[in-house]
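First residue of the sequence shown: 45, per our numbering; consecutive thereafter.
A virtual CB, placed ideally from N, CA and C, is assigned to each residue, including glycine.
Keep in mind it's a predicted model, so treat the numbers as computed, not measured.
Notes follow the structure.
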Amino acid sequence: MTTMRRRGVIENYRAYLPVTDATPVITLSEGDTPLVPAPRLGAWLGLPPGVRVLLKLEGMNPTGSFKDRGMTLAISKACEAGAKAVICASTGNTSAAAAAYAARAGLACIVLIPHGAIALGKLSQALIHGAHVLAIDGNFDEALCLVRAIADDPRRPIALVNSVNPFRLEGQKTAAFEIVDALGDAPDYHALPVGNAGNITAYWKGFVEYQAAGRASRTPRLLGFQAWGAAPLVDGAPVARPETVATAIRIGNPASWAGAIRARDASGGLIDKVADDEILAAYQALARAEGVFVEPACAAPLAGLKMLAARGYFSGAAATSATITVTMTGHGLKDPDRAIATVPGVLRQVPATREAVQAALDGMTAMATEAVS
Ligand code: F0G
């Protein structure tokens, strides 16, 4: 494994990817992200003691989300094909990754985002990397329709780098490879948030290909979770006005709809939905119990696991010491406004005197003692 450090996903998994010696490798050393045990979170989720939870921290990628895995492929292949510009629609993370990888490749980058509905950190990334950012008075689904139409126009050769670009999914499947490489086999269950549904499609592809290559003896059940107000795959119909605090997955008509259903059914898993207040409770619980700070979308699968555990879904799994891996798709610093709004009243201003600080600490010590008992 020592030879696999920090070379980026194309070099790490070249044999499994559609690249040749002629493909220029545009990389920021993405991938190779940690898979960390989360025992205290497991207890909070109400999982039976025999069930182990591990978090795949995709926020540790160079631009802070899993999108870097797909973007290294998409941008490298766009360069190979001679593209001079790329375009995408985004709820934020795709635009951050596209902007960064395009900058590294010397390509122009155009991004369409829903006005007022992307997290601050993501917007700052697209802007500082020099992307042309257009905020539309519409949602992600409308933005995706627009960029597809523009990329289809033969008079303007602009490569589309949303996950409808198959190279994106090829790159993203490497996260499944890394999980199998870390565990020595596939987990029993893999949970993740679902928005445009590219990632669940890519994970399934990765797990199936690794099993076919003899690197895993089995495939996991995939457990996908959407937010209540943006759950087209669960409700069985597109949602015209998707709403959720988890802006990354505020999507009403996923492009990889069929891929997600296939992944769900072929894996023997499920796709379900969780409420915004459950998402925010899991978001805060993870940060407090494990020291792991993620963006709200990542808490959807955690809220989902809590719901399934309460239903007894894992009661049989305890006997077999089942392993559940969960993708934490994006870093908490992507959305600092949400973190601050989630813990109101905690930040206190005190005079700069020993007495004032001591008095405040005395109050805190009392609270801490209560919290522990
Ligand atoms: N989690 C995060 C943090 C995301 O940014 C996204 C998607 C998802 C989960 C869902 O993944 O779309 O493959 O089902 N973000 C896209 C974007 C839509 O534009 O950044 P998916």
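Counting other Cβ atoms within 10 Å of its Cβ, L117 reaches 16 or more and is therefore classed as buried. Every beta strand (DSSP E) of 3 residues or more that sits fully in the stretch 76 to 139 is shown, in chain order, as 79 to 81, 96 to 101 and 129 to 133.
Annotated three-state conformation of Y233 is strand, per DSSP. Beta-bridge annotation (DSSP): F269 is paired with P237 and D316.
Taking 8 angstroms as the cut-off, one finds no heavy atom of the ligand F0G near enough to the beta carbon of E74. In the structure shown, T409 adopts helical secondary structure according to DSSP, grouped into three states. The criterion of a C-beta distance shorter than 9 angstroms is satisfied by L156 and I180. Approximately 5 angstroms separates the beta-carbon atoms of F337 and A331; this is inside 8 angstroms, confirming the contact. Annotated as proximal: T218 and R113, with beta-carbon spacing under 9 angstroms. Rounded to whole angstroms, Y247 and E253 show a C-alpha spacing of 10 angstroms. Segment contact: the stretch 270 to 277 against the stretch 355 to 364, fewer than three CB-CB distances shorter than 8 angstroms; contact not assigned. For P62, no pairing in a beta bridge is given by DSSP.
Annotation for C189: no beta strand (DSSP E) segment contains it, though the alpha helix (DSSP H) segment containing it runs F184 to D196. With distances taken between CA atoms, R285 lies nearest to N297 out of L277, V278 and N297. For the ligand F0G, no non-hydrogen atom lies closer than 8 angstroms to the CB of C153. Following the DSSP letters along the chain, one finds I368 inside the beta strand (DSSP E) bounded by residues T367 to M372. Secondary structure of P282 (DSSP, three-state): coil. In the DSSP assignment, the residues bridged to A274 are A271.
For A302, the uninterrupted alpha helix (DSSP H) segment begins and ends at W301 to S311.
Residue burial annotation: G376 is buried, with at least 16 other C-beta atoms found within 10 angstroms of its C-beta.
If you draw a straight line from the Cα of L98 to the Cα of R148, it is about 32 angstroms long. Residue burial annotation: V401 is exposed, with fewer than 16 other C-beta atoms found within 10 angstroms of its C-beta. Excluding the 5 residues flanking it on each side, A195 has same chain C-beta neighbours closer than 8 angstroms at I131, I202, A203 and L204, in chain order. For the 9 angstroms CB-CB criterion, A274 and R259 do not form a contact. Around the beta carbon of T64, fewer than 16 other beta carbons lie within 10 angstroms, which makes this residue exposed. Using a Cβ distance threshold of 9 angstroms, L213 and A133 do not count as a contacting pair. Secondary structure of A246 (DSSP, three-state): helix.
According to the DSSP assignment, P380 belongs to no beta strand (DSSP E) but to the alpha helix (DSSP H) extending over P380 to T386. Taking a C-beta distance under 9 angstroms as the contact criterion, T386 and A292 do not qualify as a contact pair. Nearest Cα to M408 within the set L61, V390 and T397: V390. Among the bridge pairs identified by DSSP, V338 is matched with H375. The shortest CA-to-CA distance from P78 to any of I223, N240, S365 and A354 is the one to I223. The ligand F0G has no heavy atom closer than 8 angstroms to the beta-carbon of V53. Taken atom to atom, the span from the alpha-carbon of V318 to that of A152 is near 38 angstroms.
About 6 angstroms separates the CB atoms of N240 and S300; that is less than 8 angstroms, so the two are in contact.
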